[in-house]
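Numbering (my numbering), first residue to last: 12 to 196. The structure appears below as structure tokens.
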């Protein structure tokens, strides 16, 4: 038995000496594991709700720019965009800032919101109203139409529970957008 144990140890030592680390090939499955944390949570954007009212909209604007760069390949990027724009309009009152820099950023965010596949018409409409006098009426109408079409997904989701306060707000936003782009005709 002692000889068997010694032979086993010698065999293992010899085997170990013969095998180089570079000769060993390991294969790992390259399956993608979906993110378990949504982008809104992962990005930390919700912290901006707790920073009110002491934080200017420019801080959230800078956070948005960083987030777009950091998460540009994420399939759920539109949730980040929608949340940030919603916060800027609803809670950070970017629309109340009459400065040229605010108007420039509002124009940017208006284009962003209108192009989102889950466009929020209740947010897009006041943005377009703020840009009247800064944008040509035809551009406002085109953006309203794009936003209206891209709001269909959100409208469909919200319509599943018509008792939600958001349902009436979303539908009102849809009607408002429609009136803007139908006015061009």
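A virtual CB, placed ideally from N, CA and C, is assigned to each residue, including glycine. Quick caveat, the model's predicted, so the values are computed rather than measured.
- 99 is the residue among 80, 99 and 94 whose C-alpha sits nearest the C-alpha of residue 66.
- Contact fails between the region 151-166 and the region 101-108, because fewer than three Cβ pairs, one in each stretch, are under 8 Å apart.
- Of the candidates 146, 129 and 138, the residue whose Cα lies closest to the Cα of residue 89 is 129.
- By the Cβ-count criterion, residue 124 is buried, with 16 or more other Cβ atoms from all chains shown falling within 10 Å of its own Cβ.
- The secondary-structure analysis by DSSP pairs residue 146 across a beta bridge with 143.
- The beta carbon of residue 192 is closer than 8 Å to those of 152, 153, 155, 156 and 159 in its chain, skipping five residues each way along the sequence.
- Counting only residues of its own chain and dropping the five nearest sequence neighbours on each side, residue 51 has a CB closer than 7 Å to the CB of 57, 90, 91 and 94.
- Secondary structure note for residue 101: its alpha helix (DSSP H) is the uninterrupted segment 88-101.
- The DSSP-derived three-state label of residue 48 is coil.
- Taking C-beta atoms as the reference points, residue 132 and residue 185 count as a pair closer than 8 Å.
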